[in-house]
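So the number in the working numbering is just where the residue sits in the sequence shown, counting from 1, plus 10. Don't be surprised by glycine CBs; every beta carbon is placed ideally from N, CA and C. Here the structure is a predicted model, which means the values were calculated and not measured.
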Amino acid sequence: MIFYKKFKIIFTLIMTPLSSIPALAIDPHSFAIPAEAVVQKLYLNINVDFGKKTINGKAQWTIKKSESAKEIHFDTKNILIEKVTIDEIGNPWKFAWGKEDAILGHDLIIPLKNNTTVVTIFYSTSPDAAACQWLDQQQTAGKKLPFLFTQCQAILGRTLFPCQDSPGIRFTYEADVKVPVEMIALMSAENPIEKNRTGQYHFRMTNPIPSYLMALAVGDIQYQSIGERTGVYAEPSMLEKSAYEFIDMQKMLENAEKLYGPYRWGRYDVLVLPPSFPFGGMENPMLTFATPTILAGDRSLVSLVSHELAHSWSGNLVTNANWNDFWLNEGFTVYFERRITESLYGKDFADMEAYLGMDDLKETLKEFEKTPNATCLKLKLDGQDPDDGMNSIAYEKGYALLLLIEKTIGRVALDAFLRKYFDSNAFQTMTTEQFLIYIEKNLFSKFPGAEKKVNIKEWVYKPGLPQNCPIIVSERFNDVNSQFQKWMNGLSPENLRTANWTTHEWLNFIDKLPTQVSMTRMTQLDSVFKFSSTGNAEVAEAWFLQSLIHNYTPAYIFMEKFLIEVGRRKFLMPLYKEMMKTKYGKELATKIYKQARPNYHFVARQSVDELLNWKN
Ligand code: BES
Ligand code: ZN
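In C-alpha cells form, the structure reads like this:
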C-alpha cells in the first residue's frame, strides 16, 4: 500500500504540470497526497468541553487541487467524524476511510468535485486524544480550575483535528474557540491578554504553518508584559516568578534578530504550563509552551527560551520536510540557541551548555551502540513512530556539525550563510538532500578545501561521531574540576569554593561522581548542598540519578515526589531506566509509576510504558 502510494505520487509528480502544485518530498508519516490535493487555509470553530474532555466543532479547509484530483486525503487518529460538507448550504457529503495503521491513524478520504475549493469536516476528539492533556484542578498550581493543553509535534495533530499532518504542508488559520467563562484560551496565533465574559475567543495566524505547530491551551491563565514584543502567560500564582525568570526575553529577541534577520511572527510570548508538560519547551508560533521546571529562581535555565525562540527561524520558518530530516530543525536551533545565549550571558556560559550537550551526545551514542543507524543525522523512520527518532543525536550531533563548519570557515561567513538560508527559504520546507545542495552552492564552493575538511556527507549519512568533531572545552568547568579533585582528595563539602556556581556547574559536579562513593560522603554532600530537596529540577534529577546508582536511599522519598509531580520526559526516562536495572529498583519504579502515570501526558506515558513493559 505504501509502495503503491509512493509510486502514485512519483507518477503524479511527473504528470502534473509543474505550474499548479509545488513538488513535495514524500512523507512516510502522512496519508496526505499533496501533489493531488493540499490544504491552504483553515477555519476552525470549536467548543472545548471539560465535562466530556472533548473538543468538537468544525474544521473548514480551503484546498488546492490538481485538475485530475478526485479526492483529498486527511490524517486522523481516534477522531469521530460527524459530517462532511463541500457546499455552502451544509448538505452532508460522502467520505470514506482508507488505510488504518497503529502509528499513523486512519486515512480520511473525501471525494472532490471538479470545482471543490472548500471542505468542511464536523468532528469530535476522543477523551484520550494523544495531543490533549486534560488536567483536573488538583494538577494545576491554582487547584481551582481544570486545564487543557495540546502538544502536536510530531504526529499528534491528527488526534486534535483532521489535517494533512505533515511538516511539509503549510496553512494559515483562523479559529473561534469557546471555553468555560472562567477560563481563557490561547493558541499558536495572535492571543488575547485577558479573559472576556463570553468565553469566546478569536484567533488568527497569518503566516502559513505546518500542523505540528497548532496549539491550544485553556485554563486560568494571566498575562504579564516583559518588553515591547514579548511577554509571559502563566497561572496567576506562577506569573510573578515566571516574569522574573524571563526578564531578558525582549533582549533575546533583539539579539536573535541581529544574528539571523527579522523576527517574522509579530509577538513572541511564553506560556508556562503545569509541571506535567512532557517537554522542556515547544516552539508553537508566537507562543512557546514551556515547562515550569525551568523556573530555577536564578534565571540559569532560560536558554530553553533562546532555544524555542530560535525555532522561529530554524523550524518554523524553514521546516524539516519530514521527520527523517528532524536534525535540520533541532541541530540548527541548538546552534542558534547557543549563539543567543552567548550574546546575552557570555561565551563561558554558552560553553558550559555545549559541554553538557556533548556529554549527553556521548551517552546517547553509547545507548545506540547496537543500532548505530539511529545515530545518523538523516534518519529512516519509515514504519516507525517518529517519536522514536527524537533524541539528542539531532540536537547535539547537528550542533557539532555546525560548530565544525563555523570553525572551518569562520563565524562571519557562517552567519552570512545562515541569514541567507533563512531568508531565501522562509516559509518553505527543506530536505537533507536539498540542504546539501544548498550549502555546496552557497558556502562550500566559495571556500576551497572547506568541503573536504568538513566532509558533511559523513556527518549526515554515517553513524557515530566523525573524527573531525570539534573538541568542546569549558573554562568554568575547569574550575569545577579543580574543586571536584579537592573533594576526591578528602576535602569536606563545606570547604569547597562553590559560591558563584549556577545550575550548570552543579550538574557538571554531580555528573562526575565516581561509581563508588561511601554513604557517609553522599550524606555529607546532601546535607551541605541540599541536593535532595532542591527546587532546581535539573539539579534534582542529576542528584536522584546518582542516588539510585549509589543506593543513597534517603533521596528516594524526594525522588518519588518529583516523579509524581513532574512529567517532563527528559527527567523521567533516565531515572526509570536506572531503576529498571535492579530487582529492588524495578519494584520501586512500579510503585512510583502507578501513582505518577495518571499525571503524565501521552508521550511521556508511551515512553515509560514501553520501558517498564507496562500493561493497563
Ligand atoms: N520541538 C522540540 C520539542 C519536541 C521534539 C516535541 C520532538 C516533540 C517531538 C523543542 O524545541 C525542544 O527541543 N525542546 C527541548 C528543549 C531544548 C532546550 C533542547 C526539550 O523539550 O527538552
Ligand atoms: Zn527544539
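{"Check": "Taking the beta carbon of Ser310 as the centre, do at least 16 other beta carbons fall within 10 Å, making it buried, or is it exposed?", "Outcome": "buried"}
{"Check": "Tell me the DSSP secondary structure of Thr150 in three-state form.", "Outcome": "coil"}
{"Check": "Less than 8 Å separating the Cβ of Thr343 from some heavy atom of ligand 1?", "Outcome": "yes"}
{"Check": "Based on the DSSP output, what are the partners of Ala106 in its beta bridges?", "Outcome": "Ile119"}
{"Check": "Using DSSP with H/G/I as helix, E/B as strand and the rest coil, what is Asn57?", "Outcome": "strand"}
{"Check": "At which residues does the alpha helix (DSSP H) containing Phe299 begin and terminate?", "Outcome": "No alpha helix (DSSP H) holds Phe299; the beta strand (DSSP E) holding it covers 297-300."}
{"Check": "Can we count Gly325 as close to ligand 2, meaning its CB is less than 8 Å from some heavy atom?", "Outcome": "yes"}
{"Check": "Taking the continuous alpha helix (DSSP H) assigned at Leu166, which residues delimit it?", "Outcome": "Run containing Leu166: none; DSSP gives neither H nor E here."}
{"Check": "Quick check on DSSP: helix, strand or coil for Lys388?", "Outcome": "coil"}
{"Check": "Could you tell me whether the stretch 546-553 touches the stretch 575-594, where touching means 3 or more Cβ pairs closer than 8 Å?", "Outcome": "yes"}
{"Check": "What residues are listed by DSSP as bridge partners for Ser310?", "Outcome": "None; Ser310 has no bridge partner."}
{"Check": "Hey, Arg429 and Tyr270: beta-carbon distance below 9 Å or not?", "Outcome": "yes"}
{"Check": "Cα separation between Pro476 and Lys407?", "Outcome": "10 Å"}
{"Check": "For the stretch 502-513 and the stretch 347-358, state whether three or more C-beta atom pairs, one from each stretch, are separated by less than 8 Å.", "Outcome": "no"}
{"Check": "DSSP three-state label for Ser528, please.", "Outcome": "coil"}
{"Check": "Which partner residues of Ile195 appear in the DSSP bridge assignment?", "Outcome": "A small correction: the amino acid at residue 195 is Ala; Ile does not occupy that position in the sequence shown. Beta-bridge pairing links Ala195 to Val228."}
{"Check": "Consult DSSP for His514 and reduce its assignment to one of helix, strand or coil.", "Outcome": "helix"}
{"Check": "Hey, which unbroken runs of the alpha helix (DSSP H) at 4 residues or more fall wholly within the stretch 567-623?", "Outcome": "579-589, 593-606, 612-622"}
{"Check": "Between Gly367 and ligand 2, is there a pair consisting of the residue's CB and a ligand heavy atom that are separated by less than 8 Å?", "Outcome": "no"}
{"Check": "For Gly229, count neighbouring C-beta atoms within 10 Å of its own C-beta (all shown protein chains included) and say buried if the count is 16 or more, exposed if not.", "Outcome": "buried"}
{"Check": "Hey, how far is the Cα of Gln558 from the Cα of Ala606?", "Outcome": "First, the amino acid is wrong: residue 558 is Leu here, not Gln. Going from the Cα of Leu558 to the Cα of Ala606 covers about 18 Å."}
{"Check": "Do Thr525 and Leu34 have their CB atoms nearer than 9 Å?", "Outcome": "no"}
{"Check": "Compare the C-alpha of Leu598 against each of Glu575, Asn518, Ile567, Val613 and name the closest.", "Outcome": "Ile567"}
{"Check": "Check whether the stretch 74-90 touches the stretch 41-53, taking contact to mean three or more Cβ pairs, one atom from each stretch, closer than 8 Å.", "Outcome": "yes"}
{"Check": "Output yes or no for whether 9 Å exceeds the beta carbon distance between Ile304 and Gly325.", "Outcome": "no"}
{"Check": "Under 8 Å: do the stretch 126-144 and the stretch 367-386 share three or more Cβ pairs, one atom per stretch?", "Outcome": "no"}
{"Check": "In whole angstroms, what is the alpha-carbon distance linking Val129 and Thr592?", "Outcome": "55 Å"}
{"Check": "Per DSSP, which residues does Arg180 bridge with? Please list them.", "Outcome": "Pro220"}
{"Check": "Of the residues Phe359, Asn332, Leu523, which one's Cα is nearest the Cα of Phe494?", "Outcome": "Leu523"}
{"Check": "Cutting at 8 Å between CB atoms, please list the residues of its own chain near Trp107, excluding the five before and the five after it.", "Outcome": "His116, Asp117, Leu118, Ile119"}
{"Check": "Just confirm the distance between the C-beta atoms of Ile89 and Thr169, as a whole number of angstroms; I'd bet it's less than 8 Å.", "Outcome": "7 Å"}
{"Check": "I want to know whether the stretch 237-252 touches the stretch 160-180 - three or more CB-CB distances under 8 Å.", "Outcome": "no"}
{"Check": "Any heavy atom of ligand 1 within a distance shorter than 8 Å of the CB on Asp397?", "Outcome": "yes"}
{"Check": "Rounded to whole angstroms, how far is the Cβ of Tyr355 from the Cβ of Phe487, which I believe are closer than 8 Å?", "Outcome": "That pair is no contact at about 15 Å."}
{"Check": "Leaving out five residues on either side along the sequence, give the residues of the same chain with a beta carbon under 8 Å from the beta carbon of Asn101.", "Outcome": "Thr95"}
{"Check": "Could I get the ranges of all uninterrupted beta strand (DSSP E) runs contained in the stretch 61-90, with 3 residues as the minimum, in chain order?", "Outcome": "64-75, 81-86"}
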